[in-house]
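In the working numbering, the protein residues as written are 127 to 234.
Beta carbons: idealized from backbone N, C-alpha and C, even for Gly.
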């Protein structure tokens with residue numbers, strides 16, 4: 127369940143971040159409400175995940191995958207372009223998350 131909670135926290139963080147763009151600086155009511163609701167749900171699930179996952183690992187996975195997925199949303203939904211440096215940076219984030227989860231004794 128701990129990784130389900132973490133996955134839900136990541137999904138709601140990406141929803142919140144995506145709607146933050148759509149809220150246009152919190153000037154649009156419904157996207158702004160979705161931002162607030164998504165982050166409340168996100169932090170609730172993150173707090174549940176933190177009951178059993180070490181803080182450093184949970185936060186690294188949450189932030190790292192949140193960045194990667196939010197970048198994907200920016201490309202596919204908002205039609206923003208990423209350059210080579212952005213793709214290299216995203217690759218490093220993914221590599222870092224994999225290293226922490228599979229090679230760090232902290233994760234176990």
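By the criterion of a C-beta distance shorter than 6 Å, residue 196 is surrounded in its chain by 140 and 143, once the five residues flanking it on both sides are discounted. DSSP, reduced to helix, strand and coil, places residue 181 within a helical segment of the structure shown. Nearest in C-alpha terms to residue 135, of all of 171, 152 and 129, is 171. In the DSSP assignment, residue 127 falls outside any alpha helix (DSSP H) and carries neither an H nor an E. Per DSSP, the continuous alpha helix (DSSP H) segment holding residue 215 begins and ends at 210-229. At a Cβ-Cβ threshold of 9 Å, residue 199 and residue 220 do not count as neighbours. Buried is the label assigned to residue 149, since at least 16 other Cβ atoms lie within 10 Å of its Cβ.
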